[in-house]
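K.L.:
Taking full-length UniProt numbering, I'd label the letters of the sequence shown as residues 1 to 420. Below is the structure I would like to discuss, written out as structure tokens.
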Amino acid sequence: MAEKLQALKKQACASIDETKDKLHQLADAIWRHPELAFEERQAHDTLVRFFTQEKGWTVDAHYKLETAFRATWGPVGGGQGESLVNVGFLCEYDALPAIGHACGHNLIAETGAAAALGLRAALESGEAWPMPIKVTVLGTPAEEDEGGKIDLLREGAFEDLDVVFMAHPSQEDATYIPDVAEHDVVIKYHGRASHASAYPWEGVNALDAAVMAYTNVSVLRQQLKPDWRIHGIIRHGGVKPNIIPDYSELEYYLRTPSYRDLPSIKAKVEACFQAAALATGCTVELLFARNQFYEIVRNHTLEDLYEKNGKSLGMNFITVKNSSGSTDFGNVTHAVPGIHPYFYIGSEALNHTPEYTAASGAAEAQFYTLRTAKALAMTALDVLFSPGALDKVKQEFKEAKSREEKETKQKPQTATIEKS
Ligand SMILES: NCCCC[C@H](NC(=O)CCN)C(=O)O
1 MAEKLQALKK QACASIDETK DKLHQLADAI WRHPELAFEE RQAHDTLVRF
51 FTQEKGWTVD AHYKLETAFR ATWGPVGGGQ GESLVNVGFL CEYDALPAIG
101 HACGHNLIAE TGAAAALGLR AALESGEAWP MPIKVTVLGT PAEEDEGGKI
151 DLLREGAFED LDVVFMAHPS QEDATYIPDV AEHDVVIKYH GRASHASAYP
201 WEGVNALDAA VMAYTNVSVL RQQLKPDWRI HGIIRHGGVK PNIIPDYSEL
251 EYYLRTPSYR DLPSIKAKVE ACFQAAALAT GCTVELLFAR NQFYEIVRNH
301 TLEDLYEKNG KSLGMNFITV KNSSGSTDFG NVTHAVPGIH PYFYIGSEAL
351 NHTPEYTAAS GAAEAQFYTL RTAKALAMTA LDVLFSPGAL DKVKQEFKEA
401 KSREEKETKQ KPQTATIEKS
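Here's what the structure looks like:
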């Protein structure tokens, strides 16, 4: 089997190379029309067209969400009574406001599509596979905002998948980066307008509340654990200096390494926001996002296979220990075993900067993007055909879940503000 597996991997890589121009065009089209969360209509249509034109894929163009899609191929192989293995690849394609594809989601879409095509090409060689195999591509919108994968999870979109792969652009190749749990909140202060010079005592200043809230959180930061993160912006702060602002608005992202700590961080910042309202006489509304992002549940079996395949293609892996951002793929890994490796794209630029936007649209990124897709397809082949690999992946997932259940029982998700 080892030799056969090597041949299949070669076939997957060759097919990705053969399709490289089309794949580049796909990423380029998405990059040229950056669209925000849940508005990714052109990117969505481009991907749907891509899989429709590829033939052999069954495409559900608006799968559970308007800008989500599902493309499936297979099943192939297997005897009667064998249970089907469904391998998933994810495509993200939303961009950031003002700076476009500064997180390289156009390249995530390309890796997902390329890896799926590569795996299909290897599986198409007509062998008598020991079990029925299906390849599924899910187009998952809104990673940068509401977390489309969490909506899709709720709708059951991941229920029939056995393993899920995606890869994210970065500054380095890493099988895992500690993506943390996150919950977002919008804070609205309502005051009362008045002439700021003629009769200021009649006003209630909502901008003052926003500034106090911002300062309260900044002071709180010293007492947070080193890997907790709170960061926010003031979105509205008034319209004219001589009108006391009757409305202000902030948005904050709250993050902790485990979702179990989100209620604690939320309780702490809520106190900051309420205190600002009390001090200024404003009323306050706190609007928490409908979805909480969870941290990634690691699967070392998948990570090790990916690393081995990546190394064979020339990747240099680094280990990252410090907290990173967040991803709605974290929630997926609480439901299905999966990996979310990061990949170098030929630039030292940092994500969420205009320089990264340029790097994710540059021709130089293509080599690294396709190399990543090859490593994903090869890892999927290992999962399918390395003896015992799928069982090991599933067993590790099961153990991680039961560890987590135990921890949740020991430390339920409750809010605490420690008082002396
Ligand atoms: N607030 C909504 C989610 C933001 C997710 C974003 N994701 C990334 O940067 C991708 C890589 N982790 C973030 O972490 O800010």
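We put the CB at the ideal spot given by N, CA and C, even for glycine.
Over the uninterrupted beta strand (DSSP E) stretch that includes Asn86, give me the two end residues.
P.N.:
From DSSP, the beta strand (DSSP E) with Asn86 extends over 85-91.
K.L.:
Which residue wins for smallest C-alpha separation from Ala12, given the options Thr111, Gln42, Gly104, Gly81?
P.N.:
Minimum Cα distance to Ala12 is reached at Thr111.
K.L.:
Just curious, the alpha helix (DSSP H) that Glu3 is in, first and last residue?
P.N.:
Element bounds for Glu3: 2-18.
K.L.:
Would you mind reading off the limits of the beta strand (DSSP E) that contains Val163?
P.N.:
It spans 163-165 - the beta strand (DSSP E) in which Val163 sits, taken as one unbroken run.
K.L.:
Just the residues with CB closer than 7 Å to a heavy atom of ligand 1, in chain order, which are they?
P.N.:
For ligand 1, the selected residues are Cys103, Glu143, Glu144, Asp145, Gly147, His168, Asp179, Glu182, Asp184, Tyr253, Phe293, Ser324, Gly325, Ser326, Thr327, Asn351, His352.
K.L.:
Go ahead and pull the three-state DSSP assignment for Lys134.
P.N.:
Of the three classes helix, strand and coil, the one that applies to Lys134 here is strand, per DSSP.
K.L.:
Between the alpha carbons of His101 and Gln25, how many angstroms are there, rounded?
P.N.:
Those two C-alpha atoms are separated by around 15 Å.
K.L.:
Within this structure, are the beta carbons of Gly238 and Ser248 separated by less than 8 Å?
P.N.:
Against a cut-off of 8 Å, the Cβ pair of Ser248 and Gly238 comes out as a contact.
K.L.:
Using the Cα positions of Val383 and Thr408, report the straight-line distance between them to the nearest angstrom.
P.N.:
For Val383 and Thr408, the distance between alpha carbons rounds to 30 Å.
K.L.:
At the level of alpha carbons, what is the spacing between Val163 and Thr52?
P.N.:
If you take the alpha carbons of Val163 and Thr52, they lie about 24 Å apart.
K.L.:
May I ask you to report which of helix, strand or coil DSSP gives Asp227?
P.N.:
Coil at Asp227, not helix or strand.
K.L.:
Does the Cβ of Tyr199 have 16 or more other Cβ atoms within 10 Å, making it buried, or fewer, making it exposed?
P.N.:
By the 10 Å Cβ count, Tyr199 comes out exposed.
K.L.:
Who pairs with Pro169 in a beta bridge, going by DSSP?
P.N.:
According to DSSP, which records beta bridges pairwise, Pro169 is partnered with Phe343.
K.L.:
Do Met131 and Gly77 come within 8 Å of each other at the CB atom, strictly closer than that value?
P.N.:
For Gly77 and Met131, yes; Cβs fall inside 8 Å.
K.L.:
What does DSSP give as the partner residues of Leu287 in its beta bridges?
P.N.:
DSSP, once it has assigned bridges, lists Val186 as partnering Leu287.
K.L.:
Evaluate Asn242 with the Cβ neighbour count: other Cβ atoms within 10 Å of its Cβ, from every protein chain shown; 16 or more gives buried, anything less gives exposed.
P.N.:
Asn242 should be labelled exposed.
K.L.:
Just to confirm my understanding: we take Glu146, look at its own chain, exclude 5 residues before and 5 after, and list those with CB closer than 8 Å. What are they?
P.N.:
Around Glu146: Ala37, Phe38, Ala289, Arg290, Asn291.
K.L.:
For Phe158, name the three-state secondary structure that DSSP assigns.
P.N.:
Here Phe158 sits in coil by DSSP.
K.L.:
What's the call for His183, buried or exposed, on a 16-neighbour Cβ count within 10 Å?
P.N.:
By the neighbour-count rule (16 or more Cβ atoms within 10 Å), His183 is buried.
K.L.:
Do Ala375 and Leu153 have their C-beta atoms within less than 8 Å of each other?
P.N.:
Their beta carbons are not under 8 Å apart, which means Ala375 does not touch Leu153 by this criterion.
K.L.:
Taking only the alpha-carbon atoms, compute the straight-line gap between Asn331 and Ile296 and give it to the nearest angstrom.
P.N.:
Cα to Cα, Asn331 sits roughly 7 Å from Ile296.
K.L.:
Across which residues does DSSP place Tyr247 in a beta bridge pair?
P.N.:
Tyr247 is bridged to His190.
K.L.:
Taking C-beta to C-beta, are Val186 and Glu251 nearer than 8 Å?
P.N.:
Cβ atoms of Val186 and Glu251: closer than 8 Å.
K.L.:
CB-CB under 6 Å to Asn309, same chain, minus the five flanking residues each way: which ones, in chain order?
P.N.:
For Asn309, where only same-chain residues beyond five positions count, the Cβ hits under 6 Å are Ala375, Met378, Thr379.
K.L.:
May I ask you to report which of helix, strand or coil DSSP gives Ile265?
P.N.:
Helix, per DSSP.
K.L.:
Specify, as a first and last residue, the run of the beta strand (DSSP E) that Gly330 falls within.
P.N.:
First-last for Gly330: 329-333, but that is the alpha helix (DSSP H), not the beta strand (DSSP E).
K.L.:
Closer than 7 Å: is that where the CB of Gly310 sits relative to any heavy atom of ligand 3?
P.N.:
The ligand content of the structure shown is limited to ligand 1, which means ligand 3 is not among them.
K.L.:
Can you say whether Ser360 is buried or exposed, counting buried as having 16 or more other CB atoms within 10 angstroms of its CB?
P.N.:
That one is buried.
K.L.:
Can you tell me where the alpha helix (DSSP H) holding Thr408 begins and where it ends?
P.N.:
Start and end: 389-410.
K.L.:
Relative to the C-alpha of Val48, which candidate in Ala61, Glu405, Gly74 has its C-alpha closest?
P.N.:
Out of Ala61, Glu405, Gly74, Ala61 has the C-alpha closest to the C-alpha of Val48.
K.L.:
Would Ser323 and Arg229 qualify as a contact pair, given that the criterion is a beta-carbon distance under 8 Å?
P.N.:
Closer than 8 Å, so yes.
K.L.:
In the DSSP assignment, what residue or residues form a beta bridge with Ala174?
P.N.:
Answer is Tyr342.
K.L.:
For Ala71, which residues does DSSP report across the bridge?
P.N.:
BP columns for Ala71 point to Val59, Val137.
K.L.:
By how many angstroms is the C-alpha of Gly104 removed from the C-alpha of Gln354?
P.N.:
Before going further, note that residue 354 is Pro rather than Gln in the sequence given. Whole-angstrom Cα-Cα distance: 11 Å.
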